[in-house]
Each structure stands twice: as C-alpha cells, then as structure tokens.
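A.B. asks:
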Amino acid sequence: MAALTGLAYTEVDRRTFQRDWADPRPRSPERDAAWVRRSAHTLSTDPDGCWVAELDGVVVGCVLSRIRELMWILSSFAVAPEVQGRGVGTQLLAAALSYGRGCLRGMFSASADPAAVRRYRLAGFALHPQMFATGTVDRDALPLVERVREGSAGDTDLMNSVDRQTRGAAHLSDHEALLAQFRLLVSETSSSQGYAYVDDNGSPVLVAATTRRTASDLVWEAFASSAPGSTVSLRHITAANQWAIDVGLAARLSVHTSGYLCLRGMKPPAPYVHHGSML
Numbered sequence: 161m162a163a164l165t166g167l168a169y170t171e172v173d174r175r176t177f178q179r180d181w182a183d184p185r186p187r188s189p190e191r192d193a194a195w196v197r198r199s200a201h202t203l204s205t206d207p208d209g210c211w212v213a214e215l216d217g218v219v220v221g222c223v224l225s226r227i228r229e230l231m232w233i234l235s236s237f238a239v240a241p242e243v244q245g246r247g248v249g250t251q252l253l254a255a256a257l258s259y260g261r262g263c264l265r266g267m268f269s270a271s272a273d274p275a276a277v278r279r280y281r282l283a284g285f286a287l288h289p290q291m292f293a294t295g296t297v298d299r300d301a302l303p304l305v306e307r308v309r310e311g312s313a314g315d316t317d318l319m320n321s322v323d324r325q326t327r328g329a330a331h332l333s334d335h336e337a338l339l340a341q342f343r344l345l346v347s348e349t350s351s352s353q354g355y356a357y358v359d360d361n362g363s364p365v366l367v368a369a370t371t372r373r374t375a376s377d378l379v380w381e382a383f384a385s386s387a388p389g390s391t392v393s394l395r396h397i398t399a400a401n402q403w404a405i406d407v408g409l410a411a412r413l414s415v416h417t418s419g420y421l422c423l424r425g426m427k428p429p430a431p432y433v434h435h436g437s438m439l
C-alpha cells in the first residue's frame, strides 16, 4: 500500500471503478469528471489521508479522506472486484482511519454492500439508513418562496457557521470545490440561516440550515428551478430529517431507501441533507 501522490488516483481502472461507492448509479462522463475534480481537491488539501493499494504494480484500490476542523470524513473508497475479500479494503480503511485518529467525530456515506457495512460497524461507526426522494415535481404544489437568494463565494463565512451548527464542523475549502460545480442558494434572516447547493437539474445535493422551515424553503426553491417534466432527486435523507421527506412527498416524489450514513461521535446532522462525498 502506498500514499496517494500527484494524480495517481487516475491510474485506477475506469472499468473497475465506474460506480461511485456512495452512489451506485453508473457514472456518466460528466459525473466521472466531477469525481476526478473532487478527488483532486481532497488530494491537494489532505494528501496524508489518501492511499492506494497496488498488486504487481497495478492499482487495485483507493481511499480518500480528509479532516475539517475536528471531523474526519471518508470521501471515496473503492476496491477492485478481483481482490475483494483479501484484506485490501481493511488495510485501506485502517490507513484512512489512522489519519483521523485525533478527530472527535467521523462521518461518511456508504452503499448497502454487506461486506462494507460489516467493516464500518466493526470500526465503530453507527449506521443510519438513508432515504431518497425522486420523481417529477408537481408544479401546482410549488409554494411561493420569498426568503431565498442566489449565493456566491462571499457567503462562505455564513455557510461555515451553519455547518458548525448543524454537523459540528465547517466545510472550509470544500466550499470552493462545491461552488465550482453547483449553483448556490442562500437564505439569511434575523432568525435563521441556510444554504443549498443545486445541480443543473434542480436537484439539491447539499442542504444545511438552522431551522427546518429554512431548509424546506431552500429545497422548494431548488425544485422550482427544475424544468417541467424533468426528474429531480433529494438524496441522503436520514430519519432525523423528516422535513425533507415531507417536502418530497408534497412535491409528489416517491421515497426509497439507499445505503447508510455512518457516524462516530455525533448524532445525525439536522436540518441537513449531506452530499455523497463532500458530506
């Protein structure tokens, strides 16, 4: 096993790792490029938290993790099918966990793969089932939202403050990577603050707020930006965020289950819907 240096993660066979471990949908070229950009960001900020496993000179596994304030975050973890069950994943996870040994909290999103889930639980993480809402928004259900505006890099301090209140640690430089990929919505009043990153389809990919009402307003504004008849999704919803389920159902979306939010030293963040790898 070796530290992940330079752009060595691009050596990982695309045929083997064409599915994101935090989102089992096959990656499109656009999603693949976004994964590479996020990986490069993590590598630049936390090189000591990134590792690869090699067999006969071929990369057969990789793990990327980072530390934000006192939170350890696992952002990507993959092992080639032909070496699974041979301890490669255990060694990679151990290396990443060692990087975060001084952190008070740990957080990552995981698929429902039984072997991986067993490994995470044995490592001391609580498993919180995730739900997601998907479908076509009922345009007649869209409410009038008045407290949401377009955001910018100038809102980073506000967003870091909301991060600390909801999940116990700021995203810090991760906001730069998110701003480069997604539209930003912000709500700021005398009594509440919040923000949401939204993809090109109008799907919120990360929502954080100090009140459930503000979080709901942000999601509704994102849904309103979707094209009529298009499919939107609100992913990574934990049971602590029933407000998100309520918004999804009110928009006439269908609700399903998918994977786990793995936590150590903390409760599920709320009102909060995390991004799959940036958390």
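Numbers in the working numbering are just positions in the sequence shown, counted from 1, shifted up by 160.
Where is the CB? At the ideal position from N, CA and C, for every residue including glycine.
(1) Counting along the chain, where does the alpha helix (DSSP H) carrying L282 start and finish?
(2) In three-state DSSP terms, what is R113?
(3) Going by beta carbon distance, what residues of the same chain come within less than 6 Å of A293, once the five residues before and after it are set aside?
(4) Below 6 Å CB to CB, which residues in the same chain sit around P189 once its five sequence neighbours on both sides are set aside?
(5) Helix, strand or coil for T349, going by three-state DSSP, please let me know.
(6) Kindly indicate which residue of M267, G295, P289, E336 has the alpha-carbon position closest to the one of A283.
(7) State buried or exposed for S199, treating a residue as buried only when at least 16 other CB atoms are found within 10 Å of its CB.
(8) On the three-state DSSP scale, how would you describe P289?
(9) Taking DSSP's pairing of strands, which residues face W380 in a bridge?
(10) Quick one: measure Cβ to Cβ for S386 and V297, integer angstroms, because I've assumed they're closer than 8 Å.
(11) Which term fits D300, buried or exposed, when burial requires 16 or more other beta carbons within 10 angstroms of its beta carbon?
(12) Could you please give the first and the last residue of the uninterrupted beta strand (DSSP E) stretch that includes V196?
(13) What does DSSP give as the partner residue(s) for E214 in the beta ladder?
(14) Looking at the unbroken beta strand (DSSP E) that takes in S236, where does it start and where does it end?
(15) Tell me which same chain residues have a C-beta within less than 8 Å of the C-beta of P303, skipping the five on either side of it?
(16) What is the DSSP secondary structure of A344, counted as helix, strand or coil?
(17) Rounded to the nearest angstrom, what separates G425 and Y259 at their Cα positions?
(18) Given a threshold of 16 other Cβ atoms within 10 Å of its Cβ, counted over all protein chains shown, does T247 qualify as buried or as exposed?
(19) Measure the CB-CB distance between R265 and M231 and report whether it falls below 7 Å.
(20) Would you check if the distance between the CB atom of A368 and the CB atom of Y432 is smaller than 7 Å?
(21) How many Å lie between P428 and L287 at the Cα?
(22) Pull up the distance between the alpha-carbon of L203 and that of G209, whole angstroms please.
(23) Which residues in the same chain as S376 place their Cβ atom closer than 6 Å to its Cβ, once the five residues preceding and following it in sequence are excluded?
(24) How many Å lie between L439 and V308 at the Cα?
(25) Taking the straight line between their C-alpha atoms, what separation do you get for L378 and G354?
(26) Identify the continuous beta strand (DSSP E) that holds G266 and give its terminal residues.
(27) Over what stretch of residues does the beta strand (DSSP E) that includes T391 continue unbroken?
(28) Quick one: is V218 buried, meaning 16 or more other Cβ sit within 10 Å of its Cβ, or exposed?
(29) Rounding to the nearest angstrom, what Cα-Cα distance links A329 and V358 in this structure?
C.D. replies: Taking the structure as given:
(1) What you label residue 282 is simply residue 122 of the sequence shown in a count that begins at 1. Element bounds for L282: 274-282.
(2) Absent from the model: residue 113. The displayed extent of the chain is 161 to 439, so no value can be given.
(3) In the sequence shown, counting from the first residue as 1, residue 293 sits at position 133. Only L394, G408, L413, V415 meet the Cβ criterion.
(4) Here residue 189 is taken as the residue at index 29 of the sequence shown, counted from 1. No residues qualify anywhere along the chain.
(5) Here residue 349 corresponds to residue number 189 of the sequence shown, with the count starting at 1. Correct three-state label for T349: coil.
(6) Against the sequence shown, residue 283 aligns to sequence position 123. Residue M267 is the option with its Cα nearest to A283.
(7) The count along the sequence shown starts at 1 and reaches residue 199 at position 39. Burial call: buried.
(8) As a working note, residue 289 is residue 129 in the sequence shown. Looking at P289 - three-state DSSP - the assignment turns out to be strand.
(9) Here residue 380 is taken as the residue at index 220 of the sequence shown, counted from 1. Per DSSP, none; premise fails for W380.
(10) In the sequence shown, counting from the first residue as 1, residue 386 sits at position 226. In the sequence shown, counting from the first residue as 1, residue 297 sits at position 137. With 8 Å as the limit, S386 and V297 qualify as a contact, their Cβ atoms being about 6 Å apart.
(11) Here residue 300 corresponds to residue number 140 of the sequence shown, with the count starting at 1. By the neighbour-count rule (16 or more Cβ atoms within 10 Å), D300 is not buried but exposed.
(12) Against the sequence shown, residue 196 aligns to sequence position 36. Premise fails: V196 lies in the alpha helix (DSSP H), 189-205, not in any beta strand (DSSP E).
(13) Walking along the sequence shown from the start, residue 214 turns up at place 54. DSSP, once it has assigned bridges, lists V219 as partnering E214.
(14) For the purposes of this step, residue 236 is identified with residue 76 of the sequence shown, where counting begins at 1. S236 -> beta strand (DSSP E) spans 231-239.
(15) The residue given as residue 303 occupies position 143 in the sequence shown. The residues are W380.
(16) Stepping through the sequence shown from its first residue, residue 344 is reached at position 184. Contrary to the premise, residue 344 reads as Leu rather than Ala in this sequence. The answer is strand: DSSP assigns L344 an E or B state.
(17) The residue given as residue 425 occupies position 265 in the sequence shown. The residue given as residue 259 occupies position 99 in the sequence shown. Approximately 16 Å between the Cα atoms of the pair.
(18) Indexing the sequence shown from 1 puts residue 247 at position 87. Before going on, a small fix: residue 247 reads as Gly here, not Thr. By the beta-carbon neighbour count (other beta carbons within 10 angstroms, threshold 16), G247 is exposed.
(19) Residue mapping note: residue 265 aligns to position 105 of the sequence shown, counting from 1. Residue mapping note: residue 231 aligns to position 71 of the sequence shown, counting from 1. A contact, by the Cβ cut-off of 7 Å.
(20) Here the question's residue 368 lines up with position 208 in the sequence shown. Here the question's residue 432 lines up with position 272 in the sequence shown. Taking 7 Å as the Cβ cut-off, A368 and Y432 qualify as a contacting pair.
(21) What you label residue 428 is simply residue 268 of the sequence shown in a count that begins at 1. What you label residue 287 is simply residue 127 of the sequence shown in a count that begins at 1. One C-alpha to the other measures close to 10 Å.
(22) In the sequence shown, counting from the first residue as 1, residue 203 sits at position 43. In the sequence shown, counting from the first residue as 1, residue 209 sits at position 49. In a straight line, the C-alpha of L203 is about 8 Å away from that of G209.
(23) Along the sequence shown, read from residue 1 onward, the residue named residue 376 stands at position 216. Excluding residues within five positions, the ones whose Cβ falls inside 6 Å are W403, V407.
(24) Looking up residue 439 in the sequence shown gives position 279. Looking up residue 308 in the sequence shown gives position 148. Rounded to whole angstroms, L439 and V308 show a C-alpha spacing of 22 Å.
(25) If you number the sequence shown from 1, residue 378 lands on position 218. If you number the sequence shown from 1, residue 354 lands on position 194. Cα to Cα, the separation comes out at about 8 Å.
(26) Along the sequence shown, one-based indexing puts residue 266 at 106. First-last of the beta strand (DSSP E) with G266: 265-270.
(27) The residue labelled residue 391 in the question sits at position 231 within the sequence shown. Start and end: 391-397.
(28) Residue numbering aside, residue 218 sits at position 58 when the sequence shown is read from its first letter. So V218 counts as exposed.
(29) Position 169 of the sequence shown, counting from 1, holds the residue named residue 329. Position 198 of the sequence shown, counting from 1, holds the residue named residue 358. For A329 and V358, the gap between their C-alpha atoms comes out near 21 Å.
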